[in-house]
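Have a look at the structure below, then the notes.
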Amino acid sequence: MENGALSIAGRAAGIAVLVALLSVIAVMPAFSHPHVFISQRITVEFDEKGLAGFRIAWWFDEFSSTMMVGDFDRDGDGRLSREERARMEKEASASLAEYHFFISATIVGKPFTPRYVRDFAVTQDGCRLVYRFFVPCHVTATAAAKRVVLTTYDSTYYSDISFAGETPVELVGAEPFRADVAVSKNREIAIFFGQINPWALELEFARK
Amino acid sequence: MTGKIRIVWVAFLLLQLLLVPVVFSAAPVSAGPESRPAGVAELIDRQVFSRIITWQRELQQRMAAQVRQCKAGGGMAGLLPLLAAAFAYGVVHAAGPGHGKALALGYVLSQRPSYPRGLLFGFCLALFHGLSGIAFVLVVRFLLHAGVGRNLAAVTRITRIVGYGIISLMGLFICVRGLMRLRQGKNDDCGREAENVRVGGYRNPVLLALAVGGVPCPGVVMVMLFAMSMNLIGLGIVLGICIAAGMALTVSLVVLVAVSGKTVSLSALSGSARHPVIDYGFEIAAGLLLLILGTLFLGANVMQS
Numbered sequence: 057m058e059n060g061a062l063s064i065a066g067r068a069a070g071i072a073v074l075v076a077l078l079s080v081i082a083v084m085p086a087f088s089h090p091h092v093f094i095s096q097r098i099t100v101e102f103d104e105k106g107l108a109g110f111r112i113a114w115w116f117d118e119f120s121s122t123m124m125v126g127d128f129d130r131d132g133d134g135r136l137s138r139e140e141r142a143r144m145e146k147e148a149s150a151s152l153a154e155y156h157f158f159i160s161a162t163i164v165g166k167p168f169t170p171r172y173v174r175d176f177a178v179t180q181d182g183c184r185l186v187y188r189f190f191v192p193c194h195v196t197a198t199a200a201a202k203r204v205v206l207t208t209y210d211s212t213y214y215s216d217i218s219f220a221g222e223t224p225v226e227l228v229g230a231e232p233f234r235a236d237v238a239v240s241k242n243r244e245i246a247i248f249f250g251q252i253n254p255w256a257l258e259l260e261f262a263r264k
Numbered sequence: 004m005t006g007k008i009r010i011v012w013v014a015f016l017l018l019q020l021l022l023v024p025v026v027f028s029a030a031p032v033s034a035g036p037e038s039r040p041a042g043v044a045e046l047i048d049r050q051v052f053s054r055i056i057t058w059q060r061e062l063q064q065r066m067a068a069q070v071r072q073c074k075a076g077g078g079m080a081g082l083l084p085l086l087a088a089a090f091a092y093g094v095v096h097a098a099g100p101g102h103g104k105a106l107a108l109g110y111v112l113s114q115r116p117s118y119p120r121g122l123l124f125g126f127c128l129a130l131f132h133g134l135s136g137i138a139f140v141l142v143v144r145f146l147l148h149a150g151v152g153r154n155l156a157a158v159t160r161i162t163r164i165v166g167y168g169i170i171s172l173m174g175l176f177i178c179v180r181g182l183m184r185l186r187q188g189k190n191d192d193c194g195r196e197a198e199n200v201r202v203g204g205y206r207n208p209v210l211l212a213l214a215v216g217g218v219p220c221p222g223v224v225m226v227m228l229f230a231m232s233m234n235l236i237g238l239g240i241v242l243g244i245c246i247a248a249g250m251a252l253t254v255s256l257v258v259l260v261a262v263s264g265k266t267v268s269l270s271a272l273s274g275s276a277r278h279p280v281i282d283y284g285f286e287i288a289a290g291l292l293l294l295i296l297g298t299l300f301l302g303a304n305v306m307q308s
């Protein structure tokens, strides 16, 4: 039989534990966890001055592709005609712009979020929908190395973005420079109630 | 419950305490990036979540391939693995956020159901969630001839807002009733039954599950659409039912945990005349938590465009 003081502490601890359990389960709300899975490839493009920008390609999973194509496929043949594609490009780029194309970047420590992109195009690769676009990002190369980190994520986590297994990143036009690129999880950003770290591309480059 | 099981159970509950800082480190009202250094608990938890997400992605890919096989004439041999994959998908999908777990918990707290009743509620909730996904696709596509994907995003947002509203209200009810009972309980026992009738008239588990589970499940919607795009609407419906069954399993487990947890924890604390007060105190705290969290997420969703 416990004495008075112990049982009070015990009860308090018991309540704390129950509340903790409740908070763990209850706080997983009807917030959307990913229904769309995007496989991403990025080409880092350089010009004569330095970094020119990032050419991004997103492959959507089959289920999402079918659903999205179905929305625009007027004639129901499963393929997007030129008009259907044009409409989709217009709507997609407009709605993505509100989320700055899921991109959050830092250029030498300073934040950068794109407001617009170039060459936004929608194509179908077999049964998968593909979005492609170019993010202009001009950074002049200097003798000292500059670091650019590009993180792609949907802050609502309705879409999950991860890098493709094969050739996730490529460099184009980097011969005049010393450039290193790596893909890793950005541990400084946590989305979805601190549960998920998004993927990021880390680039370091300098003039040779 | 035997001593050993009790120890294991309390240990399990204590482990949850590790997750509390993770949970409360979230700032749902901000839509932008949140910077925080990773702690041990966070790393462990992120692994679990990442694993679940990866499983879901792979299951989705496998299901897509299997549906294609069925279309190509795989026959019965190809059907069973596909149904199993759909069931597994439902289990994993419901393990992620949402899918009525908070509501199942709220129900357990407010109604103190027996195991059969609690399980029935959890089961029905998940089942209706899946079935309404099927109904959603059929209605929007065939009756309204509209685009499902576009509407899905809008409907998801609306139903999320409604869902959080319900969670908040439920939390409020539980809180208020707990307070009222606390006052009553200090005097006579007869007042308690009268309270039950006055506050919270939602006794029937199936009806409540129907009201709340009416939210269409996007996962089911997508599988349905995929099957329909290959003219396999019957298969789509069957897969939707399998997914719903899988989700029902997960939610039922949560109910089981909740009902057991409450019983065990309270009996572990028993021993004096103050038991009813602790009982109500727990309910009030739980109701308050549901109310606060429900309102927080409601606000976050309303603010999102």
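Here the protein sequences come in this chain order: P and B.
Reading the first sequence from the start, the letters are residues 57 to 264 in my numbering.
Reading the second sequence from the start, the letters are residues 4 to 308 in my numbering.
Here a beta-carbon is modelled for each residue, glycine too, at the ideal position from N, C-alpha and C.
Coarse secondary structure for Ser-211/P, derived from DSSP in three states: coil
Proximity winner among Arg-174/P, Glu-222/P, Ala-150/P and Gln-180/P, relative to Gly-109/P (alpha-carbon distances): Of all alpha-carbon atoms in Arg-174/P, Glu-222/P, Ala-150/P and Gln-180/P, the one lying nearest the alpha-carbon of Gly-109/P is that of Arg-174/P.
Inter-residue Cα distance where the pair is Val-70/B and Ala-251/B: Roughly 23 Å between the two C-alpha positions.
Identified DSSP bridge partners for Ala-262/P: Ala-262/P is bridged to Arg-234/P.
Inter-stretch contact at 8 Å, needing at least 3 Cβ pairs: the stretch 242 to 253 of chain P / the stretch 109 to 124 of chain P: no
Any C-beta of chain B under 9 Å from that of Ile-252/P: So, interface residue.
Ala-247/B in three-state terms, based on DSSP: helix
Under the three-state DSSP convention, the category His-194/P falls into: Strand at His-194/P.
Environment of Leu-341/B [buried if 16+ CB atoms lie within 10 Å]: Past the edges of chain B, shown from 4 to 308, lies residue 341/B, and the structure says nothing about it.
Backbone CA spacing between Trp-255/P and Arg-160/B [nearest angstrom]: 26 Å
Segment limits, beta strand (DSSP E) that includes Arg-111/P: 106 to 116
Contact list for Glu-118/P against chain B, beta-carbon separation under 8 Å: Gln-63, Gln-64, Ala-67 and Phe-229
For Gln-96/P, the residue or residues it bridges with in DSSP: Trp-114/P and Phe-219/P
Outcome for Thr-208/P when other beta-carbon atoms lying within 10 angstroms are tallied against a minimum of 16: buried
Coarse secondary structure for Arg-60/B, derived from DSSP in three states: helix
Outcome for Lys-146/P when other beta-carbon atoms lying within 10 angstroms are tallied against a minimum of 16: exposed
Backbone secondary structure at Asp-127/P - three-state DSSP: helix
Arg-243/P (DSSP reduced to helix, strand or coil): coil
Local conformation of Gly-290/B per DSSP, three classes: helix
Which residues DSSP lists as bridging Arg-203/P, in chain order: Glu-260/P
Contact with chain P by Gln-187/B, beta-carbon distance below 9 Å: no
Continuous beta strand (DSSP E) stretch holding Leu-228/P: start and end: Checking the displayed sequence, the identity of residue 228/P turns out to be Val instead of Leu. Element bounds for Val-228/P: 225 to 228.
Burial state of Ser-275/B (16 or more Cβ within 10 Å): Note on Ser-275/B: pLDDT 49, under 50, position unreliable in the model; the coordinate value appears next. Ser-275/B comes out exposed.
Three-state secondary structure assigned by DSSP to Arg-65/B: Residue state, collapsed to three classes: helix.
Start and end residues, alpha helix (DSSP H) containing Ile-252/P: Neither: Ile-252/P is in no alpha helix (DSSP H) and is coded neither H nor E.
Secondary structure of Tyr-118/B, DSSP reduced to three states: Helix.
Residue-level contact to chain P via CB, Gly-181/B, 9 Å cutoff: no
Distance, Ala-68/B Cα to Arg-60/B Cα: 13 Å
heavy atom of the ligand COA below 8 Å from Phe-190/P C-beta: With respect to small molecules bound, the structure shown includes none, and the ligand COA cannot be examined in it.
Cα-Cα separation, Phe-27/B to Leu-136/P: Confidence at Phe-27/B is low in this model, with a pLDDT of 39, below 50, so the placement of that residue is unreliable and no value is reported for it.
Environment of Val-118/B [buried if 16+ CB atoms lie within 10 Å]: A small correction: the amino acid at residue 118/B is Tyr; Val does not occupy that position in the sequence shown. That one is exposed.
Neighbourhood of Val-151/B by C-beta, 7 Å cutoff - its chain only, sequence neighbours within 5 removed: Val-140, Val-143, Arg-144, Val-224 and Leu-228
Span separating the alpha-carbon of Ala-88/B from that of Leu-62/B: 7 Å
Cα-Cα separation, Ala-129/B to Val-179/B: 28 Å
Rounded straight-line distance, which links the Cα of Val-92/P to that of Glu-226/P: If you draw a straight line from the Cα of Glu-226/P to the Cα of Val-92/P, it is about 24 Å long.
Which of helix, strand or coil DSSP assigns to Pro-219/B: coil
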